[in-house]
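Quick mapping for you: the protein sequence lines, in order, are chains W and D.
Quick note: the first sequence uses our numbering, first residue 4, plus one each step.
Quick note: the second sequence uses our numbering, first residue 4, plus one each step.
Note that beta-carbon positions come from the ideal geometry of N, C-alpha and C, so glycine has one too.
2 protein chains.
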Amino acid sequence: MHMGEGVEWGLHCCVTLAWLRDEGPVSIRKLAAWFDLPQEYLKKRLQALTRAGILASTPGVKGGFSLARPPERITLMDVVTALQGPLEPFRCDEIRQRGVGGEGAGNEFARPCGIATAMRRAELAWRRELAAQTIADLMAHAPAGAARTRRNYSRMTG
Amino acid sequence: MHMGEGVEWGLHCCVTLAWLRDEGPVSIRKLAAWFDLPQEYLKKRLQALTRAGILASTPGVKGGFSLARPPERITLMDVVTALQGPLEPFRCDEIRQRGVGGEGAGNEFARPCGIATAMRRAELAWRRELAAQTIADLMAHAPAGAARTRRNYSRMTG
DNA sequence: GGGAGTTTACTCGGATAGTTTTTGTCCGAGTTATCTAGG
DNA sequence: CCTAGATAACTCGGACAAAAACTATCCGAGTAAACTCCC
Chain W
4 MHMGEGVEWG LHCCVTLAWL RDEGPVSIRK LAAWFDLPQE YLKKRLQALT
54 RAGILASTPG VKGGFSLARP PERITLMDVV TALQGPLEPF RCDEIRQRGV
104 GGEGAGNEFA RPCGIATAMR RAELAWRREL AAQTIADLMA HAPAGAARTR
154 RNYSRMTG
Chain D
4 MHMGEGVEWG LHCCVTLAWL RDEGPVSIRK LAAWFDLPQE YLKKRLQALT
54 RAGILASTPG VKGGFSLARP PERITLMDVV TALQGPLEPF RCDEIRQRGV
104 GGEGAGNEFA RPCGIATAMR RAELAWRREL AAQTIADLMA HAPAGAARTR
154 RNYSRMTG
């Protein structure tokens, strides 16, 4: 079970874009150089965040990506669900109903599978934690980042 | 992000083995027919549970798999970690330190990445829920399963 | 100086390819209960 | 009857193949700022 590095990329990009909010949109070229990531693939991930309404993209020569709402209103859950797709961590295939073991069960399978229920509960606990943290919280956790980010950004040529 | 059907298989097998505890070991052939699953691959997954000390395997003509400890002492967390491998859901690659953005950071990166910390906290909440549920809890949640399982098992030929 | 066209620097979306993980299959070797043959 | 060997039904582990997901790249099309040219 793994969740793809795109999630880490997306979250770092969101925090950075939050710190650079006054500078206007940031191009994908600069963002890729910022974290030393493959530009085209990062672009795809940020496009997903745009489709989810987390980022806004402005076309044109001075265009790029920027936060679509204030950092206090973007939770980690938003970013994760936008990037990992609609796939649930645990999928119940109802194997209890298949094969010899499921025969003659009467109405026993009317109620949901206990295993699926338990896994779902754990997943919800995970989602709750993610929904409780916002990009603004992450910014507050690394106060020195704001100055460093603006300083390094102003030095970027091009 | 997905966690592999092997987890669902393993949990259902554990519950079934718990209900069939007096019958002695259950062969992989019967278990695969029980849930209508690919026999060879299911075997691999149960072997992983055996390596983790959750199941016990007895070789020989009347051999098969059985629970290595009472169902009250097997948590969902045990089964999940045994089956999903050592991979963590979120892996921090420290991209904050790479590229232009990480330059001139001084000792700022001495403390752990806030994003990794937040993701870890969510993961721990998930693990805690999984560790709080045992196979015995799942059995109690489906009381009709015990009788049906023993009935169907006794009818299996071979 | 101002307006029309051109260039430039971006994003968007689809198509495609490479790589890794997951899922599934196959085979040889080891283990134990049962079955068989010989005394 | 009793014991030794053969047989059958299992597991274990590695090697291998197929399928899916993830990562990465490329290209054509659209958009907007800046730049150029011409009057």
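Boundaries around G67(W) are those of the beta strand (DSSP E), G67 to L70, since no alpha helix (DSSP H) includes it. Against D81(W), chain D offers no close residue; the least beta-carbon distance is about 13 Å (beta-carbon pairs closer than 8 Å). When C-beta distances to chain W are compared with 8 Å, every residue of the segment 50-76 of chain D stays at or above that value.
Taking C-beta atoms as the reference points, L14(W) and Y156(W) fail to come closer than 8 Å. The Cβ-Cβ distance between R124(W) and M80(W) does not fall below 8 Å.
Remark: C-beta atoms of T61(D) and P28(D) approach each other more closely than 8 Å. Listed in chain order, the non-local C-beta contacts of A139(D) below 6 Å within the same chain comprise P74 and E75, local neighbours out to five positions each way being set aside. Residues of chain D with a Cβ closer than 7 Å to the Cβ of E43(W) do not exist, since the nearest Cβ in that chain sits about 16 Å away. Comparing C-alpha distances from L20(D) to each of A51(D), F68(D) and R32(D) shows the shortest one belongs to F68(D). Contacts with chain W at 8 Å (Cβ-Cβ) include I118(D). Here S157(D) carries a helix assignment [DSSP, helix/strand/coil]. The straight-line gap separating the alpha-carbon atoms of A85(D) and P92(D) is approximately 14 Å.
Short of 7 Å from the beta carbon of A119(W), and not among the five residues preceding or following it, lie these beta carbons of its own chain, in chain order: C95.
V29(W) has F68(W) as its beta-bridge partners, per DSSP. In the structure shown, the three-state DSSP call for A108(W) is coil. As DSSP reads the structure, L58(D) sits in a beta bridge with L70(D). In terms of Cβ geometry, Q87(D) and G148(D) do not form a close pair [threshold 8 Å]. Bridge pairing for H5(D): H5(W) [DSSP]. Contact note: R32(D) does not reach chain W at a C-beta cutoff of 8 Å; the least C-beta distance is about 11 Å.
Here R99(D) is buried. Its C-beta has 16 or more other C-beta atoms within 10 Å. The beta-carbon of P92(W) is placed less than 8 Å from the nearest beta-carbon of chain D. Going by beta carbons, G109(D) and F38(W) fall outside the 8 Å limit.
Close partners of E8(W) in chain D (Cβ separation under 9 Å): R94, D96 and I98.
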